[in-house]
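K.L.:
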Amino acid sequence: MKFLPYNIKKLPDALLFFSGGAILYPIIELIWRGRTHWSMSVAGGLCASIINLANMKLKNHSLALRCCLGGVIITCVEFVTGCIVNLGLGWKVWDYSGSKFNILGQVCPLFTILWALLSLPVIMLSNTVNRLRSNA
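Per the working numbering: the sequence shown = residues 1393 to 1528.
#1: Run through the region 1406–1494 for me and flag every whole alpha helix (DSSP H) of 4 or more residues, listed as ranges in chain order.
#2: Around the Cβ of Ala1446, are there at least 16 other Cβ atoms within 10 angstroms (buried) or fewer (exposed)?
#3: On a CA-only basis, which of Arg1427, Cys1460, Arg1458, Val1485 is nearest Phe1471? Give me that one, please.
#4: In or out: Arg1458 buried (at least 16 other Cβ within 10 Å) or exposed?
#5: Can you find at least 3 beta carbon pairs, one from the region 1405–1423 and one from the region 1433–1453, that sit closer than 8 Å?
#6: Taking the alpha carbon of Arg1523 as the point to measure from, which residue in Ala1435, Gly1497, Met1448 has its own alpha carbon closest?
#7: If you follow the alpha helix (DSSP H) that Pro1513 is part of, which residue opens it and which one closes it?
#8: Count the other CB atoms, across all protein chains shown, that sit within 10 Å of the CB of Ile1515; report buried if there are 16 or more and exposed otherwise.
#9: Among the candidates Asn1519, Ala1456, Val1464, whose CA atom is the shortest distance from the CA of Phe1503?
#10: Please work out which residues of its chain come closer than 8 Å, Cβ to Cβ, to Leu1396, disregarding the five sequence neighbours upstream and downstream, and give them in chain order.
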């Protein structure tokens, strides 16, 4: 199965992280902002999936580094999503233009610290899933 770009045995893990992020990200946004949009499910799924992959690659690095990287990953996914849904499609899902240091109104880098903390549960779940996989 070398022709597959992703190890088929890891597919259930990928689905776990994508679906978990797709469900929890909008819930967090509902709690924080009082509203959400379906595109946040896609962004949340991507964030959790990418953080899991990064955590697997950097498992021997410090938790702080992996959390910081998680914050950067979430910020980047939000930026790309914002450029597509807000700037490209004009859906006006969110607007950070009133926030200090915002980038095109799509992200506020100051939130990257919050996203780093938000990535911690994903990293902990990733560690648990990967430990269970290696013991099976």
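Built from N, CA and C at the ideal position, the CB exists for glycine as well.
P.N.:
Result, derived from the coordinates:
#1: 1431–1449, 1455–1474
#2: buried
#3: Val1485
#4: buried
#5: yes
#6: Met1448
#7: 1504–1527
#8: buried
#9: Val1464
#10: Confidence at Leu1396 is low in this model, with a pLDDT of 49, below 50, so its placement is unreliable and no value can be given for it.
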